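Below: one structure, written as structure tokens.
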Amino acid sequence: MLIRRMELRDCDAINTIYNYYITHTAITFDLCPWQLAEREQWFAQFDPSSCYQAWVAEQDQHILGFAYNTPFNSKQAFHIASEITIYAAPDAGRRGVGSQLMRTLLDSMRDKALRRAYSLVTLPNPASLALHRRFGFQQVGQLNDVGEKFGQYHSVAMLECDLTV
Numbered sequence: 000m001l002i003r004r005m006e007l008r009d010c011d012a013i014n015t016i017y018n019y020y021i022t023h024t025a026i027t028f029d030l031c032p033w034q035l036a037e038r039e040q041w042f043a044q045f046d047p048s049s050c051y052q053a054w055v056a057e058q059d060q061h062i063l064g065f066a067y068n069t070p071f072n073s074k075q076a077f078h079i080a081s082e083i084t085i086y087a088a089p090d091a092g093r094r095g096v097g098s099q100l101m102r103t104l105l106d107s108m109r110d111k112a113l114r115r116a117y118s119l120v121t122l123p124n125p126a127s128l129a130l131h132r133r134f135g136f137q138q139v140g141q142l143n144d145v146g147e148k149f150g151q152y153h154s155v156a157m158l159e160c161d162l163t164v
């Protein structure tokens, strides 16, 4: 498996993975599948010189997952913190995709001198919580019944990782 920087040509595969989670799960609170043009516009925010990076896991020219970090908050003093997102293809479970993407993403964030990584995880999601904990994340809060999807209310855990240790 190769972990590499996301490229524009990956946008369709990224949408295939992400749109599955939109239509089949409450893991993401997006309700409508993304169109390719939307994803390509979204991708434009990532630049190798920026502290915000996007990565893909690829095997045999097939995208198995993706990870990226974005600003934690638009207020300027939050520039030392970033929110992360990781998704693996539904058929790529238990192959280390999430772990390899997480390692690469957190290392790139440290290289860019970010101090804190945050992740919002829809509950329940024991696999995602376990992945985050393996990489030093701790739950620092919970937003109860903050999202509504598929006729149910869903809570979200807020996880934090100190990137300086």
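Under numbering that gives the first Met the number 0, the letters of the sequence shown match residues 0 to 164, in that order.
We treat Cβ as the ideally placed atom computed from N, Cα and C, and that holds for glycine.
This one's a predicted model, so the numbers in the text were calculated from it and none came from an experiment.
query                                                                                      : result
Contact belief for Tyr86 with Tyr152 at Cβ below 8 Å, rounded distance in angstroms        : Contact doesn't hold; Cβ gap of about 23 Å is too wide.
Bridge partner(s) assigned by DSSP for Pro70                                               : Ser81
Of the listed residues Arg114, Gly146, Ala56, Arg38, nearest to Pro123 (C-alpha basis)     : Gly146
Own chain residues within Cβ distance below 6 Å of Leu1, not counting five before or after : Glu57
With 16 other Cβ atoms within 10 Å as the buried cut-off, status of Cys31                  : exposed
Trp54 beta carbon less than 8 Å from that of Thr103                                        : yes
For Ala53, the three-state DSSP class (helix, strand or coil)                              : strand
Residue burial classification, Phe65 (beta-carbon count within 10 angstroms, cutoff 16)    : buried
Cβ contact check for the region 42–54 and the region 104–120: 3 or more pairs under 8 Å    : yes
Same chain only: Cβ atoms within 8 Å of Glu82, ignoring 5 sequence neighbours per side     : Asn68, Thr69, Pro70, Phe71, Ala116, Tyr117, Ser118, Leu119
Where Gly150 falls, given that 16 or more other Cβ within 10 Å makes a residue buried      : exposed
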